[in-house]
Each structure stands twice: as structure tokens, then as C-alpha cells.
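One structure is given below, encoded as C-alpha cells.
Residue numbers (the UniProt record's numbering): 1 to 542.
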């Protein structure tokens, strides 16, 4: 007897369809035979099935029936999708499925029934309500898939509560350890910004010998080379001095700080104290120690040098302090107090005139506004400031100038410079020169020339002129040349812009000018600084 799902009944249906089509049924479904590689998969449990997704993935386009479901296609639920020739013929998974091509989507696919293992209670899976309960041919759909019920042990409330508490405590412990680890990383790598570069927090203590302060950098090898090159019998060699300079210049500020901590942990002396013990050219030593100190440390040393009686101390204090951002002023004050144990404002006030004392006190108050991104300038406030400056210049009153130029943002000050020139016959710089003199004039012009939008609004033209003043006239002022060049070199992009501005203004390169004014290991050090800026800028861009 032939069962509905037997292969003979399936082949009979194929032969009947071939006769209706009037020829060979070459586009029909593949038959179940020993030569068919899918026979075992299609005749599971003596039930003929057609898996359209398996067929799509295996057969070529020439072999696929045209009515085969395409990957990702969701068939419609109703009988209206079935061609007339297919009505009463059954559907996928059942015998007598029509063997010719059709263009409409096939009906929904119901999975076949799998035999249940003995001894397991079946559990049903609900069928979606939008699916028909019977097939389009009137044949009842197969029984739904059945799976064994899992043997679940119900724990009492006390054990569940204890387990939950244990999990929560473990999560809290992990969270606490993660927070402590992040706090430790923040203590070691607390990065701030100063003079356009990243610098370590001066308030943090030095790192221990076995602690890696900068990720990926171990200062042991550089420390060994540094100590070797600064020995008394080695430092005298020009070749060794050049190697030492190359060693320091290839390190950024953060790595140089880590090397300094390592040196203190190994020898009890800082890098600067190690260099101080060497017998070498004084100009070279001053410039090289500046490289070892870093941006904040070097500025603190310059301020201390001015307080102790540097010849042009007010000029030096103006360049280091006036026009700085509030965050940078706070860093200066913090580092100075940590190193010397005294207040920076009180130390500067000594031996200064009343006007100059007021100047630096207001500059160190750290009240300068920050340039907010996409910030709009208040035109009314700009107009008021222009009027106040003009009236104060007529009275030669420096207080409104200090209040406005020290506390307004750079963006606001640029608008003031433009508006002042448009409203009055003289620009702001000429007005300052006429109304004031001495240190007050120098400080106010330092700010205006630093933010004047005529060139770049970043003070690069001003710094280029200051470098030229260090070398102009009879004799080179090496200390001024050194600190002006080194303070600019911390930000390689800024130094490159200053070099461009210098060449544009004076029709010669800054390298050629310095080479003609300096000599020996000191001149080589300054030229190496100029070259290193271009190299570091290229490295940062890549």
C-alpha cells in the first residue's frame, strides 16, 4: 500500500504533472532517489519535504524552480497568493505539491513534526494568531514542535536572597576595584594643558621606581645614557654633547617628566641638578636645563630668576605672566608654591612701583575669560569697552586698561581692537604708546600685539620680532634668545609659524640668523631645537 508520504506517490505526482505540461518536467522538484544528494534530507521519517532555503543555497540558478522562495522573502498568509492551478494541490511539506513554476509567493511554511523521545512529556509552542489553522488544501497542519519541559528546581526565598546578595557584593567589589584602578591611573597621568602642550599635574608627587608613569615608555635606557653623557670626562666632548641634546629633544614633555622622576628615584638628584654638576658652557647649560625642566618648570625658574634680580626682570615677567589664560596662571602659582614654599603674588610685589605692582597683581588674579567654542561676541559690551578705553587713555588712567585687557577673552579683545580702529583716528596700539610709558606700556602692548587680528591673532608675529630684538644691535643677548626660543618650541606648530613669520618679515630664515649670531655647542643646541620642531610636527601629523 502506498502511503501519502511515500516516494512512489511523490514520483507518480511528478509523472502526472509532466503529462499535463506536455513534455519533460526538467524544471520540477528533484526526485527522491539514490542518485540525489539531498534524498536523505528530503525523505526524513518517510515524509517527503522540500526545504526551499536549503535548495536555494545549493542549486544553481538554472536548476532552481521559479517558484522557490528567495532568501529574506516572507510569504503572505492567505490563499489569494496561490495560483489557480495550485488550489487543492497541497503546499510545501506535503505530497502532490505542484511541480511547475509559479510567480506568486507560496503560502506560509509550517515546520514538520519530529518524533518525540520516549519518556519525555511534550510541550507545545504556540502558533501565531495570524497563521491559518489549516492548509489551503483543507489538510490539517502538522502538530507543532514539541520539546521536553526543563526540570527546574525552585529554591527557597532565603537561598535566593543570599545568592542575590552575594552577586551584588561581588559586583560592588569589582566596581570598587575598577574605580580605584582608574583613580590610580588618573593620579599618574593627570594631563593638563600649558603653552599649547600636554603637561603633567605639578601637584602630584613623583612616581616610584617601579611605576610606569607614561604608558609604553620605560625610562631606564634613557636614564643610563643621560647619566653616562653627563659625566665629567664625557661632557667635554662636542660629539657627546650633541648626542645628549638629541636624546632630550626626542622626548616629549610627558616622557621627559617620567625620566626626571626615574632619575630622582635612582640617584636622589633631579636632571637639572645632574647637569649643574657638569663643567660646560654656561649658555649651553642654561638652555639645556630649560629643556629638562619642561614648560611649567622653566617658567617658574624664569620668574624666580626675575625676582632674584635679573637685569630685565620686568620685561621677563611681562612675557611669562601677562596675557596668559586663567588656567595657566593657576598652574604657575601652584608650581611656584610647591617648589619655593611662598606665594607668587607676594614675592613679585616686593621691589616694584605701585603701578607695576597693580599690573602684576591683576594679571595674577586669573580672571581672564575663556574662549568658548562657537561663542558670539557681545557687540554692546565691545562698544562700551571701546568707549571706556578711549576715555581712560585721555585721562592716562591705566586701571580700565588692566581690567579690560587682562580679564576679557581673546575673542572679545580682537573685536575691541577692530572696533577701536574703526571708531577713532588712531588704533589701540598708538593710543597706548601716547598715553603710557615704561612697564605699563610694554605690558599693554604685549597683550594687544598678541591678539591683534591684522596678522594672525595668535602673537606669532610679536614673538618673531622679540627673537630679532634678542640678536639685534651690538652683541647677542643669549639669555633672552634662549628662553624666547625654548618657550616657543614646546608647541612645534607654533614655532614653525614663528619661523615663517620671521622669514616673511625679515627676508631671511631664523636658522641662518641664529647661526650667524651664535657658535660652538650653544649655537648647535639652538639649531637642533629649530630642527626638532619640524620633526615633531611631522610626527604628530602622522
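We treat Cβ as the ideally placed atom computed from N, Cα and C, and that holds for glycine.
As the structure is a computational prediction, the values presented were derived from the model and not from experiment.
With a threshold of 16 other CB atoms inside 10 Å of the CB of residue 462, please say whether the residue is buried or exposed.
The residue in question, residue 462, is buried, as its Cβ has 16 or more Cβ neighbours within 10 Å.
For residue 423 and residue 381, I'd like the C-alpha separation in whole angstroms.
15 Å
Let me know the secondary structure DSSP gives residue 193 once reduced to three states.
strand
Evaluate residue 368 with the Cβ neighbour count: other Cβ atoms within 10 Å of its Cβ, from every protein chain shown; 16 or more gives buried, anything less gives exposed.
Its Cβ being crowded by 16 or more others within 10 Å, residue 368 is buried.
Does the Cβ of residue 535 have 16 or more other Cβ atoms within 10 Å, making it buried, or fewer, making it exposed?
exposed
Can residue 419 and residue 377 be called in contact, C-beta distance under 7 Å?
no
Which ranges would you report for the alpha helix (DSSP H) in the stretch 255-315 if only whole runs of at least 4 residues count?
271-276, 282-307
Where residue 199 falls: helix, strand or coil (DSSP)
Secondary structure of residue 199 (DSSP, three-state): strand.
Looking at the structure shown, is residue 487 part of a helix, part of a strand, or coil, going by DSSP?
When secondary structure is reduced to three states using DSSP, residue 487 falls in the helix class.
Residue 279 versus residue 195 - alpha carbon distance
31 Å
At the level of alpha carbons, what is the spacing between residue 510 and residue 466?
12 Å
Is the CB-CB distance between residue 533 and residue 502 below 7 Å?
no
Residue 528, DSSP secondary structure in three states:
helix
Simplified DSSP assignment, three categories, for residue 228:
helix
Rounded to whole angstroms, what's the CA-CA distance from residue 335 to residue 300? Just pull it up for me.
In this structure, the straight-line span from the alpha carbon of residue 335 to that of residue 300 is close to 7 Å.
May I have the straight-line CA-CA distance separating residue 259 from residue 223, to the nearest angstrom?
7 Å
Taking C-alpha atoms, which residue in 531, 360, 267, 396 lies nearest to residue 315?
Nearest C-alpha to residue 315 among 531, 360, 267, 396: 360.
Starting from the Cα of residue 202, find the closest Cα among 444, 468, 329, 338 and give me that residue.
Residue 338 is the option with its Cα nearest to residue 202.
On the CB-based measure, 16 or more other CB atoms within 10 Å of its CB, does residue 268 come out buried or exposed?
exposed
Quick one: Cα of residue 429 to Cα of residue 445, how far?
6 Å
My understanding is that residue 248 touches residue 292, with C-beta atoms under 8 Å, so please give their C-beta distance in whole angstroms.
7 Å
Relative to the alpha-carbon of residue 270, which residue among 305, 453, 246, 289 has its alpha-carbon at the smallest distance?
289
By DSSP, does residue 523 sit in helix, in strand, or in coil?
helix
What's the call for residue 472, buried or exposed, on a 16-neighbour Cβ count within 10 Å?
exposed
Spatial neighbours of residue 310 within its chain, please: C-beta separation below 7 Å, excluding the five flanking residues on both sides.
316
N-terminal and C-terminal residue of the alpha helix (DSSP H) that residue 212 is part of:
Here residue 212 belongs to no alpha helix (DSSP H), and DSSP marks it neither H nor E.
Rounding to the nearest angstrom, what Cα-Cα distance links residue 333 and residue 483 in this structure?
Answer to the nearest angstrom: the Cα atoms are 20 Å apart.
Neighbourhood of residue 370 by C-beta, 6 Å cutoff - its chain only, sequence neighbours within 5 removed
none
Between which two residues does the alpha helix (DSSP H) holding residue 330 run?
According to the DSSP assignment, residue 330 belongs to the alpha helix (DSSP H) that extends over 326-340.
Answer yes if the stretch 339-348 comes into contact with the stretch 391-411, meaning at least three C-beta pairs across the two stretches below 8 Å, and no otherwise.
The stretch 391-411 is not in contact with the stretch 339-348.
Buried or exposed by the 16-neighbour rule on C-beta atoms within 10 Å, applied to residue 198:
exposed
Can you say whether residue 508 is buried or exposed, counting buried as having 16 or more other CB atoms within 10 angstroms of its CB?
Here residue 508 is exposed: its Cβ has fewer than 16 other Cβ atoms, across all protein chains shown, within 10 Å.
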